[in-house]
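Residue numbers (the numbering used here): 280 to 668.
Every residue, glycine too, gets a C-beta built ideally from N, C-alpha and C.
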Ligand SMILES: [Zn+2]
């Protein structure tokens with residue numbers, strides 16, 4: 280079990296992460312399966328898309344369906360009938376963003392459930408136990424994700440607490456054993472906000488503790504892209520070459536390419552799934568908003584070069600009709616395409632790194648991405664009928 284660095288091209292890396300549910304070829308994009316499902320797609324579709332590993336959210340799965348049922352069903356793999364690797368977050372991010380927070384102490388974090396108001400406490404030890412129950416191939420330590428912008432004094436104190444929590448997670452991980460016969464890995468999370476000194480302090484302290492991999496957390500929370508890129512580079516410069524690096528919650532195709540260039544191996548983000556459910560699709564030539572009237576009579580697929588089921592089968596005109604009519608098939612087909620494009624992007628980056636031409640390949644991708652109609656601009660028909668997600 281563990282990570283093999285196969286090739287580097289500049290700072291970009293191609294590697295292989297071995298888990299109890301098979302190998303993961305990096306760089307890799309991990310679809311987000313918050314509640315034991317990647318929204319709007321079936322597990323068999325995820326396999327066809329080429330999803331090598333998916334994410335599960337500890338906070339959500341702990342509250343519902345709960346660890347007792349998950350243990351009875353053979354963990355998250357058994358429960359959701361997913362044969363490939365799973366990574367779970369520690370739940371910290373959702374506690375801070377979703378729950379009614381009752382307080383952070385040295386011991387852990389107290390919160391009330393966003394579902395029913397019940398009271399709970401996450402400690403470093405507890406989130407290791409919960410992820411043992413989930414049976415994820417990659418587990419994450421409990422951390423505090425500092426909001427942006429933050430005062431340096433707050434970020435500094437939070438960073439030190441997160442480091443003490445990481446040490447306790449590491450010890451709890453050593454004291455406990457997997458429940459389902461397959462090994463589990465534990466990743467540390469580098470925090471420190473947008474302060475390079477705090478990022479360095481965090482990375483060095485975590486590396487000294489020794490984890491199976493290192494995540495970079497607390498980015499993509501509103502800071503400008505150049506700041507995200509600078510912080511990513513500060514972290515990857517200090518992380519050991521022989522361990523995987525995971526940039527949490529990032530991002531757009533452009534963000535992902537910039538991070539791969541700075542030595543990141545693993546990514547997750549809700550953009551392809553969430554945007555897909557809102558009629559925004561990612562193509563090699565940029566984003567398209569299927570609500571735009573210009574797609575109404577278009578017989579072309581979303582992306583003529585894409586081999587996904589949606590692009591092999593359906594026109595832009597049909598997909599636009601499904602969204603306008605509020606049909607659930609729209610959500611499924613757009614999500615299939617968007618996840619295929621994200622998985623293709625990271626797989627193609629890997630090929631370019633192995634071939635030693637990543638920089639030139641990346642420039643070509645960026646040139647093409649600038650060609651879309653940019654979903655962030657105003658819809659040309661301002662039509663929100665049939666909005667479902
Ligand atoms: Zn497609």
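Taking the Cα of residue 375 as reference, the smallest distance to any Cα among 317, 426, 516 is reached at 426. Counting of Cβ neighbours within 10 angstroms places residue 636 among the exposed residues, the total staying below 16. From the listed residues 519, 453, 331, 317, the smallest Cα separation to residue 305 is found for 331. Under the three-state reduction of DSSP output, residue 470 falls in the coil class, being neither helix nor strand.
By the Cβ criterion, the region 502 to 516 is not in contact with the region 405 to 415, since fewer than three pairs of Cβ atoms, one from each stretch, lie closer than 8 Å. Counting only residues of its own chain and dropping the five nearest sequence neighbours on each side, residue 314 has a CB closer than 6 Å to the CB of 339. Residue 587 has its alpha-carbon roughly 6 Å from the corresponding atom of residue 619. Contact annotation: residue 470 and residue 441 have beta-carbon atoms nearer than 8 Å. Here DSSP, grouped into helix, strand and coil, assigns residue 644 to helix.
Relative to ligand 1, even the nearest heavy atom lies 7 Å or more away from the CB of residue 356.
Bridge partners of residue 483 according to DSSP: none are assigned. Distances taken from the Cβ of residue 590 to the heavy atoms of ligand 1 include one shorter than 7 Å. Cβ neighbours of residue 579 within its own chain (closer than 8 Å, five residues either side excluded): 594, 595. Distance from residue 493 to residue 467 at the Cβ level is roughly 5 Å; contact confirmed, criterion being Cβ atoms closer than 8 Å.
Under the three-state reduction of DSSP, residue 302 is assigned to strand. CA-CA distance, residue 436 to residue 333, rounds to 32 Å. Your pair residue 521 and residue 284 checks out as a contact, with CB atoms roughly 6 Å apart and the cut at 8 Å.
Between the region 546 to 553 and the region 526 to 535, the count of C-beta pairs closer than 8 Å reaches three or more; the two stretches touch.
Beta-bridge partners of residue 531 (DSSP): none assigned. Look at residue 476 here: in three-state DSSP terms it is helix.
In this structure, residue 647 places its C-beta atom within 8 Å of the C-beta atom of residue 563.
Residue 609 sits buried, since 16 or more C-beta atoms from the chains shown fall within 10 Å of its C-beta.
Going by beta carbons, residue 369 and residue 419 fall inside the 8 Å limit. Here residue 296 is buried: its Cβ has 16 or more other Cβ atoms, across all protein chains shown, within 10 Å. It is roughly 10 Å from the alpha-carbon of residue 502 to the alpha-carbon of residue 472. Annotation for residue 619 indicates a beta carbon within 7 Å of some heavy atom of ligand 1. If you check the C-beta of residue 574 against ligand 1, you find no heavy atom less than 7 Å away. Using a cutoff of 7 Å, the CB of residue 585 counts as near ligand 1, since one of the ligand's heavy atoms is closer than that. Judged by beta-carbon spacing, residue 421 lies within the 8 Å limit of residue 371, meaning their Cβ atoms are closer than that value. DSSP places residue 459 outside any alpha helix (DSSP H), giving it a letter other than H or E.
Contact between residue 299 and residue 458 is ruled out by a C-beta separation of about 12 Å, above the 8 Å threshold. Secondary structure at residue 554: helix, using DSSP grouped into helix, strand and coil.
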